[in-house]
Amino acid sequence: MQSLDGRAIAVTGAGSGIGRALALGLAKRGAKTALCDKDAAGLAETARLLGNYPHTIAAFDVTDEAALKGWIDAAAAEYGGLDGIINNAGLSVVAPFADTPKADFDRVMAVNFDAVVNGCRHAIPHLRKSSGAWLVNISSVFGLMGYPTQSAYNASKYAVRGLTEALYLELGETDPHITVIRVHPGGIKTNVARNAKFIMGMDGRTGALDSGDEFEKAARTTPAAAAETIICGMERRRHRVLIGKDARFIDWMTRLFPVSHFRRIGAFLGGGKS
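Here the sequence shown stands for residues 1 to 274, numbered as in the UniProt record's numbering.
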């Protein structure tokens, strides 16, 4: 077990959901946290819940690379070093690929993938100075399988998976004290689906379905449970973390049926995602 007590951990997307739960869970393990989110009000609520636990907050858009780098550097300066980063911020757009505007597709890629790339790039120099560090990237079960109307989300989460696998191999050779973790949550009761931009379903509907309500029915895991699974994975230095029975089921099905898995598990998913 690798202790988090006294360690400095940066978390993106900490204004709600898994990010907020991670902040609280890490604090209870004795970690000092640096938290960011575009949602200033949500971030302030996370800070209120943390109370006297050591933490800093910064409200900005993770696609602003200069702001992201400044936040990471400031966290290292505040705590005398940085021992980990969890790249958690994310969003989604719902539409078949042919009906997804380029700007919306690119925005999902910018938040879900480019910001993860930049978070890794600017955190690694600090992590290399730590005696034991973590680099944690949140992918999804949609980084294990394709799903209709989720081409942008799929592309971004597969990209996060590939990046993290490469970093695991590279840093394992050059910096084995940095634990690289990729996380694949199943359905988590967060705001990602409710805040997703719904453009069009497969049948051409543009507004009849409240995808947030449908997701709430399908999501199987709470943010607190998801965060606890991630933190346990950090303590145990696991490279791959699956969250929820649905994630484990999808993982097995995609490996057993690499071509026909969607026909077999589409109904099981019920439209939910992390």
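By construction, the Cβ of each residue, glycine as well, lies at the ideal position given by its N, Cα and C atoms.
- Minimum Cα-Cα distance from Val136 among the listed residues Arg236, Met253, Asp251 corresponds to Arg236.
- Boundaries of the beta strand (DSSP E) harbouring His184: 178 to 185, taken from the DSSP string.
- If you look at Leu256, you'll find it in the alpha helix (DSSP H) that goes 245 to 256.
- Note that the stretch 43 to 54 does not touch the stretch 95 to 106; fewer than 3 beta-carbon pairs, one per stretch, sit closer than 8 Å.
- When the Cα atoms are used, Pro148 and Val141 turn out to be separated by approximately 14 Å.
- Residue environment: Pro125 is assigned as exposed (fewer than 16 neighbouring CB atoms within 10 Å of its CB, all protein chains considered).
- Approximately 18 Å separates the beta-carbon atoms of Thr63 and Ala34; this is outside 8 Å, ruling out the contact.
- The way I'd put it, the stretch 20 to 35 does touch the stretch 220 to 234; three or more beta-carbon pairs between them come closer than 8 Å.
- Ile230 and Gly19 have their C-alpha atoms spaced approximately 11 Å apart.
- Contact annotation, Thr12 with Asn87: C-beta distance approximately 6 Å; criterion of less than 8 Å satisfied.
- One alpha carbon belongs to Arg255, the other to Tyr153, and they sit about 21 Å apart.
- Per DSSP, the unbroken beta strand (DSSP E) holding Val11 starts and ends at 8 to 11.
- For Gly84, the uninterrupted beta strand (DSSP E) segment begins and ends at 84 to 87.
- At the C-beta level, His261 and Met145 come within 8 Å of one another.
- 8 Å or more divides the Cβ of Gly70 from the Cβ of Pro223.
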